[in-house]
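Structure record follows, encoded as structure tokens.
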Amino acid sequence: MKISKQAQRDARQLFRSCQVSGLLDEGRVRQAVSLVLAQKPRGYVAILSRLHRLVKLDVERHAAQVESATPLAADLRTEVTGQINRIYGAGVNISFAENPALLGGLRIQVGSDLYDGSVKTRLDKLEQSF
Numbered sequence: 360m361k362i363s364k365q366a367q368r369d370a371r372q373l374f375r376s377c378q379v380s381g382l383l384d385e386g387r388v389r390q391a392v393s394l395v396l397a398q399k400p401r402g403y404v405a406i407l408s409r410l411h412r413l414v415k416l417d418v419e420r421h422a423a424q425v426e427s428a429t430p431l432a433a434d435l436r437t438e439v440t441g442q443i444n445r446i447y448g449a450g451v452n453i454s455f456a457e458n459p460a461l462l463g464g465l466r467i468q469v470g471s472d473l474y475d476g477s478v479k480t481r482l483d484k485l486e487q488s489f
């Protein structure tokens with residue numbers, strides 16, 4: 360669906376109004392959506408569609424997935440959390456998971472950024488070089 364420039368501007372303005380100190384406020388997003396649905400301005404479906412996309416991208420940008428082959432020690436978890444918060448800010452939701460297929464090392468994904476220091480990836484790269 361093609362979105363008009365005015366609808367894009369309105370969605371961006373709504374998105375900015377839903378942020379508090381640079382972080383998205385879920386309550387404000389819900390309130391903005393309900394106001395748009397109540398008023399039904401011209402192109403409101405496109406506005407809501409674009410707002411949904413912006414919110415989705417922001418949620419992905421503030422979510423981190425840390426994978427390791429074995430459970431991480433508490434001090435290592437604290438260090439990884441501190442480094443992620445230092446780079447991406449304090450609003451990042453970090454989840455830790457175990458993935459035995461990695462063999463060793465860490466694989467960290469924050470939004471579209473991927474930091475892969477796993478043994479499996481190194482072995483795959485070595486295999487491809489032959």
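Residue numbering for the sequence shown follows my numbering, starting at 360 and increasing by one per position.
Just so you know, even glycine gets a beta-carbon here, dropped at the ideal spot from N, CA and C.
On the CB-based measure, 16 or more other CB atoms within 10 Å of its CB, does residue i come out buried or exposed?
i       : result
Phe-374 : buried
Ile-446 : exposed
Val-414 : buried
Asp-369 : buried
Ser-471 : exposed
Leu-482 : exposed
So residue i is in the alpha helix (DSSP H); what residue range does that whole segment cover?
i       : result
Ser-393 : 385-398
Ser-408 : 403-420
Ala-366 : 364-376
Leu-431 : Premise fails: Leu-431 is in no alpha helix (DSSP H) and is neither H nor E.
Lys-484 : 478-488
Taking the beta strand (DSSP E) that residue i belongs to, which residues open and close that run?
i       : result
Ala-460 : Ala-460 -> no beta strand (DSSP E), and no H or E assigned at all.
Leu-473 : 472-475
Can residue i and residue j be called in contact, C-beta distance under 9 Å?
i       : j       : result
Arg-466 : Ser-427 : yes
Ala-366 : Ala-405 : yes
His-411 : Asn-452 : no
Val-439 : Leu-461 : no
Gly-386 : Gly-450 : no
Pro-377 : Val-388 : First, the residue type needs correcting, since residue 377 is Cys and not Pro in the sequence shown. Contact flag set, yes.
Ser-363 : Gly-402 : yes
Asp-434 : Leu-383 : no
Who does residue i pair with in a DSSP beta bridge?
i       : result
Ile-446 : Answer is none; Ile-446 lacks a bridge partner.
Leu-451 : Here residue 451 turns out to be Val, not Leu, going by the sequence shown. Beta-bridge pairing links Val-451 to no other residue.
Val-469 : Ala-423 and Asp-472
Val-379 : Leu-382
Specify whether the segment 454-469 and the segment 409-428 touch according to this definition: at least 3 beta carbon pairs, one from each stretch, less than 8 Å apart. Yes, the segment 454-469 touches the segment 409-428.
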